[in-house]
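Visitor: Handing you a structure now.
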Amino acid sequence: MTEDMVDLVVTSAPHVRKKIKTSQIMRDVLIALVPATVGGLYFFGTGHTLGVIIVAVLSTILAEYLGNLIFRKKSTLWDFSSGVTGLLLALVLPPGSPYWMVVVGAFSAIFIGKIIFGGIGSNPFNPALVGRAVLMVSWPTFMTMWLKPFYWKIGSQSLDAITSATPLNIVKLQSYSALIQQFGSKIALYKVLFIGNVGGCIGETSALLLLIGGIYLLVKKVIDWRIPFTYIISVFVFSFIFGRDPLFSILAGGLFLGAFFMATDYSSSPVMPKGKIIFGIFVGFLTVIIRQFSPYPEGVMFSILLGNAFVPYFDKLRPHVYGVFAKRGGKA
Amino acid sequence: MKLFTYSPGGTEIEEEKWTKDKPFVKLPPPSIAVIPLSQHTGAPNVPAVKIGDHVKIGMVIGSTSAPVSAPVHASVSGDVIAIEDRLCPAGNKIQSIIIKNDFKEEEAEFEHVDSIENFTPEELIKKIRDAGIVGLGGAAFPTSIKLSPPKNKVIETVIGNGAECEAYLTTDYRVMIESPDEIINGILIELKILNAKRGIIAVEDNKIDAADLLAKKIAERNLEDKIEVVLLKTKYPQGGEKQLIKAVLGREVPSGGLPLDVGTVVQNVGTLKAISEAIFYGKPLIERGITISGTAIKNPGNYIVRIGTQVSEIIDKVGGLNKKLRKLVFGGPMTGVAQSSLEVPVLKGTSGILFFGEESLEMAPEEESPCIRCASCVDSCPIGLLPVFLDHAYRRNDMKLAESLYAVDCIECGACSFVCPAKRHLTENIKKAKQSILKQRKIEAAKQAAFEKLKQKRLQEAKEKEAKK
């Protein structure tokens, strides 16, 4: 045996690691968003809507790059997290959003939502939702202008003809029975909401396509079942308590997108198993409260952001430590 | 058959048990045996030989009267050529007896017995201690001490640990396949010593053939009412003592306590075989089964190696390397210790030696990326600790916080680092925090003792003054 055959490196155990990287997780999230994105393009056209998605993704990547530059951080472009934020932001914007507004939203998401807190993993609030919240309070008119699905087929250019209120809007401004009347029957309404052939943000309308993406993430073990499951169940139960149609409440608005993709954001959600359950229930409760009592028809965004603020408290719910028993005279 | 396991926590690892079907092969004795005087947890031995002494295989060459210890024996015949500090697998230097092999293979007299019927537990324990038996699973705790619980503790169950949850290692599996009777004998000896009722041999379900073989042997010997075989779910770290007890008995060893606090003793199957050989053949622990594996070794396999054989000799004897050796690990890849030199000897607690090439450096990269709070580490911890927060505490040097997060309860299994997508050095940092806390506790205890002593002295002085008045 020759000397040059040996050049030993000493490291601490474990000497093997699971073949998983942050970039792979982000890539899985992007893959999971493909059905909803394609659905959005199908319902709202490949013209302006596609532009919104591209502008959002490119702007967030640019913002991340500039952020790294300004704060002299190592490049985090290749973990794809900024791309995920960009796509998520695009999916929660109305299809007719002007490009300049998308850019403002993207920079708000990355700078206010992420970079100033220290970048990936350190953001207390969901960056995409921070971006959307900024736009929501700054340009409420643009943020509540809902194009009808297949609006280009209508043949009219007038805004009134190609826009409509979202189902939750109709419930807020008129009544639930008025909405059912518009769709013919409850079953027809459920069907439309499930498929996604209805006005709303680009990626939020189809519960089915979001569910496919969500199941992909669950199967890939990228997300834990606790947050989406308890969030959706919580909205169902509290809607029932407040006299709203529970099934309609979980299918309408951005709940599925919020539950599977927003509330599960690692850095802004609890790490404790029990904390995740309480977080889901809490955010679900807030969503219903906002829908029921506030002037806003939809509460998913604000409830998740509010829930994010409480995460440090939910993370106090530590799991049981092996061999540590809360008994007198025992070790503290 | 019911599968036993613990919850929550644990992870699936890539097993890489390439050497599963390779029977033990006896490796020729080394030309030089380096036998450290302390190969166990406890008091070190003092040399029982001098330079120039001629020794036979099995002769005691180091011993001590301290209770928590195990003597060491010559593993080759020949002359003692040096007694000096040598680098050991743990990374420290330990006083060692160096024997030059004369290849005459002279053996000391070993006392054979046919039955344990006429021995008292104390006699059996003495035989085990004299044979230098320690836990062969890796911790190397003196077996005689494990088998001498305090009088107020009742031991109900003896668990034979055949989980072997580490990747690559297959020594326990081979022992179960090749020496099932010795394992059963070992359990019987322990049951007699501890006056315990029930023996359990626990095997992970990826080694179901070993479990079946043990069950068959137990049935053949009509021991079903005494010993049973249970199947464990294959999950890392299923073979951790605490996890095994929870899986099999459903009980938790109290924090800071020992298995005997929940009425059980856990013994690695290899140790059980060594106990049986020590009692029936009087054979001291001079050799052991080791898995030699990894990507950089030509002939991975299971080998019987003399204690004190250095890695450099092992490489030559098993056929050499097939690529540049970049990482040498004693033990399994999850918990083993990386070595800085080939001149380290095999110890009683060495269960495997792994040889890796360049690819191992990518397998466990040095570079960390930011924590994304994915909670994989929290979900993987078999103790229920919070590796992510312990890591934060360590990096901020906040040992109070680390202590309140139960850093000292960490079993250092490596699961958190293994699952981390950001490749953060969680286990390493928690280990360091743990060591720092334990050190601080020692200092505090010493301070307290000194204070008490001073207080006593002052009281005494005051009393004397009082008496003078």
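Going line by line, the protein sequences match chains A and B.
Here the first sequence is numbered in the working numbering, starting from 16 and rising by one per residue.
Here the second sequence is numbered in the working numbering, starting from 843 and rising by one per residue.
C-beta: ideal position from N, C-alpha, C; glycine also.
Since the structure is predicted, the reported quantities are computational estimates derived from the model, not experimental observations.
(1) Tell me the rounded alpha-carbon separation between residue 1181(B) and residue 939(B).
(2) My assumption, with CB atoms under 8 angstroms, is that residue 307(A) sits in contact with residue 263(A). Please give the rounded CB distance.
(3) Applying the criterion that 16 or more other CB atoms from any shown protein chain within 10 Å of the CB defines a buried residue, is residue 985(B) buried or exposed?
(4) What residues in the region 270-282 of chain A bring their beta carbon closer than 8 angstroms to a beta carbon of chain B?
(5) Please state if the CB of residue 1040(B) and the CB of residue 24(A) are separated by a distance shorter than 8 angstroms.
(6) Counting only Cβ-Cβ distances shorter than 8 angstroms, please list the residues of the region 1265-1290 of chain B near chain A, keeping chain order.
(7) Quick one: which chain A residues come within Cβ less than 7 angstroms of residue 1225(B)?
(8) Using the three-state DSSP reduction, which class does residue 1194(B) fall into: helix, strand or coil?
(9) Run through DSSP, which three-state label would residue 926(B) get?
(10) I want to verify the contact list: residues of chain A whose CB lies under 9 angstroms from the CB of residue 1260(B), in sequence order.
(11) Measure the alpha-carbon distance for residue 224(A) versus residue 48(A) and round it to whole angstroms.
(12) Step through the CB atoms of chain A and report whether any lies within less than 8 angstroms of the CB of residue 1217(B).
(13) Measuring only between beta-carbons, confirm whether residue 346(A) sits less than 8 angstroms from chain B.
(14) Under 7 angstroms between beta-carbons, which chain A residues line up against residue 1213(B)? List them in chain order, please.
(15) When the Cα of residue 1112(B) is compared with those of 886(B), 1021(B), 1236(B), which residue comes out closest?
(16) Counting only C-beta atoms, is residue 43(A) closer than 8 angstroms to chain B at any point?
(17) State the Cα-Cα distance for the pair residue 1300(B) and residue 1283(B), rounded to the nearest angstrom.
(18) Mark residue 1131(B) as exposed unless 16 or more other C-beta atoms lie within 10 angstroms of its C-beta, in which case mark it buried.
(19) Based on the DSSP secondary-structure assignment, which residues constitute the bridge partners of residue 1110(B)?
(20) Can you list the residues of chain B that residue 131(A) reaches, using a CB-CB cut of under 7 angstroms?
(21) Express the C-alpha separation of residue 45(A) and residue 1152(B) in angstroms, rounding to a whole number.
(22) Nearest by alpha-carbon distance to residue 1195(B): which of 1216(B), 1142(B), 1164(B) is it?
(23) Please tell me whether residue 1212(B) and residue 136(A) are closer than 8 angstroms, where the distance is taken between their beta carbons.
(24) Look at the Cβ atom of residue 888(B), then the Cβ atom of residue 1150(B), and state whether they are nearer than 8 angstroms.
(25) With a threshold of 8 angstroms on Cβ separation, who are the neighbours of residue 949(B) within its own chain once the five nearest residues in sequence on each side are excluded?
(26) List the residues of chain B whose Cβ lies closer than 7 angstroms to the Cβ of residue 260(A), in chain order.
(27) According to DSSP, simplified to helix, strand and coil, what is residue 114(A)?
(28) DSSP puts residue 943(B) in a beta bridge; with which residues?
(29) Is any beta-carbon of chain A found at less than 8 angstroms from that of residue 1123(B)?
(30) Residues bridged to residue 936(B) by DSSP?
(31) Is it right to say residue 987(B) is buried, meaning 16 or more other beta carbons lie within 10 angstroms of its own, or is it exposed?
(32) Determine whether the beta carbon atoms of residue 301(A) and residue 318(A) lie at a separation below 8 angstroms.
(33) In the DSSP assignment, find the alpha helix (DSSP H) that holds residue 1210(B) and state where it starts and stops.
(34) Flag residue 289(A) as yes if its beta-carbon sits less than 8 angstroms from any beta-carbon of chain B, otherwise no.
(35) If we define contact as Cβ-Cβ less than 8 angstroms, is residue 76(A) a contact residue for chain B?
(36) Starting from the beta carbon of residue 23(A), find every residue of chain B whose beta carbon is closer than 9 angstroms, and list them in chain order.
Guide: Taking the coordinates as given:
(1) Position 339 of the second sequence holds residue 1181(B). Position 97 of the second sequence holds residue 939(B). Cα to Cα, the separation comes out at about 21 angstroms.
(2) Walking along the first sequence from the start, residue 307(A) turns up at place 292. Walking along the first sequence from the start, residue 263(A) turns up at place 248. The pair is not a contact, with the Cβ atoms about 13 angstroms apart (cut-off 8 angstroms).
(3) Reading the second sequence from its first residue, position 143 is the one you call residue 985(B). When all chains shown are included, residue 985(B) counts as buried.
(4) 281, 282
(5) Taking the first sequence and counting its residues from 1, the one referred to as residue 24(A) is at position 9. Taking the second sequence and counting its residues from 1, the one referred to as residue 1040(B) is at position 198. Their beta carbons are not under 8 angstroms apart, which means residue 24(A) does not touch residue 1040(B) by this criterion.
(6) 1265, 1267, 1269, 1270, 1273
(7) Taking the first residue of the second sequence as position 1, residue 1225(B) is located at position 383. Here the neighbours are 336, 337.
(8) Along the second sequence, one-based indexing puts residue 1194(B) at 352. Reduced to three states, the DSSP call for residue 1194(B) is strand.
(9) Counting from 1 along the second sequence, the entry for residue 926(B) is found at position 84. If DSSP states are grouped into helix, strand and coil, residue 926(B) belongs with the strands.
(10) Mapped onto the second sequence, residue 1260(B) falls at position 418. Within chain A, the residues near residue 1260(B) are 29, 31, 32, 33.
(11) As a position in the first sequence, residue 224(A) is number 209, starting the count at 1. As a position in the first sequence, residue 48(A) is number 33, starting the count at 1. The straight-line gap from Cα to Cα measures roughly 9 angstroms.
(12) By one-based count along the second sequence, residue 1217(B) stands at place 375. Closer than 8 angstroms: yes.
(13) As a first step, residue 346(A) must be located in the first sequence, where it is residue number 331. Confidence in residue 346(A) is poor, its pLDDT being 41 and thus under 50, which makes the residue's placement unreliable; the coordinate value appears in the next sentence. Interface residue, yes.
(14) Position 371 of the second sequence, counting from 1, holds the residue named residue 1213(B). Neighbours of residue 1213(B) on chain A, chain order: 136.
(15) Residue 1112(B) sits at position 270 when you count from the first residue of the second sequence. When only C-alpha atoms are compared, the closest one is 1021(B).
(16) As a position in the first sequence, residue 43(A) is number 28, starting the count at 1. Cβ-Cβ to chain B under 8 angstroms: no for residue 43(A).
(17) Within the second sequence, the letter at position 458 stands for residue 1300(B). Within the second sequence, the letter at position 441 stands for residue 1283(B). In this model, residue 1300(B) and residue 1283(B) are separated by some 25 angstroms (Cα to Cα).
(18) For the purposes of this step, residue 1131(B) is identified with residue 289 of the second sequence, where counting begins at 1. So residue 1131(B) ends up on the buried side.
(19) As a first step, residue 1110(B) is located in the second sequence; it is residue number 268 there, counting from the start. Bridge partners of residue 1110(B): 1003(B).
(20) For the purposes of this step, residue 131(A) is identified with residue 116 of the first sequence, where counting begins at 1. Going along chain B, no residue has its Cβ under 7 angstroms from residue 131(A), so there is no contact; the nearest lies around 15 angstroms.
(21) Translated into positions along the second sequence, residue 1152(B) becomes position 310. Translated into positions along the first sequence, residue 45(A) becomes position 30. Each residue's alpha carbon lies about 52 angstroms from the other.
(22) What you label residue 1195(B) is simply residue 353 of the second sequence in a count that begins at 1. Nearest of 1216(B), 1142(B), 1164(B) to residue 1195(B), Cα basis: 1142(B).
(23) The residue given as residue 1212(B) occupies position 370 in the second sequence. The residue given as residue 136(A) occupies position 121 in the first sequence. Yes, the pair counts as a contact, with Cβ atoms nearer than the cut-off.
(24) As a position in the second sequence, residue 888(B) is number 46, starting the count at 1. As a position in the second sequence, residue 1150(B) is number 308, starting the count at 1. No, Cβ-Cβ distance for residue 888(B) and residue 1150(B) is not below 8 angstroms.
(25) What you label residue 949(B) is simply residue 107 of the second sequence in a count that begins at 1. 898, 899, 900, 919.
(26) Here residue 260(A) corresponds to residue number 245 of the first sequence, with the count starting at 1. Identification of chain B residues near residue 260(A) by a Cβ-Cβ cut-off of 7 angstroms yields none; the smallest Cβ-Cβ distance measures about 34 angstroms.
(27) Locating residue 114(A) in the first sequence gives position 99, counting from the first residue. Helix.
(28) Position 101 of the second sequence, counting from 1, holds the residue named residue 943(B). For residue 943(B), which the question treats as bridged, DSSP gives the partners 920(B).
(29) As a position in the second sequence, residue 1123(B) is number 281, starting the count at 1. Not one chain A Cβ lies under 8 angstroms of residue 1123(B).
(30) One-based indexing of the second sequence puts residue 936(B) at position 94. Residue 936(B) is bridged to 928(B).
(31) By 1-based counting over the second sequence, the position of residue 987(B) is 145. When all chains shown are included, residue 987(B) counts as buried.
(32) Your numbering for residue 301(A) matches position 286 in the first sequence. Your numbering for residue 318(A) matches position 303 in the first sequence. For residue 301(A) and residue 318(A), yes; Cβs fall inside 8 angstroms.
(33) Residue 1210(B) sits at position 368 when you count from the first residue of the second sequence. It is not in any alpha helix (DSSP H) - residue 1210(B) carries neither H nor E in the DSSP assignment.
(34) Numbered from 1 along the first sequence, position 274 holds the residue referred to as residue 289(A). Taking Cβ atoms only, chain B never reaches closer than 8 angstroms to residue 289(A), which makes this a no.
(35) Counted from its first residue, the first sequence places residue 76(A) at position 61. Not an interface residue.
(36) Within the first sequence, numbered from 1, the residue matching residue 23(A) stands at position 8. Here the neighbours are 1167, 1168, 1169, 1170, 1180, 1181, 1182, 1183, 1184.
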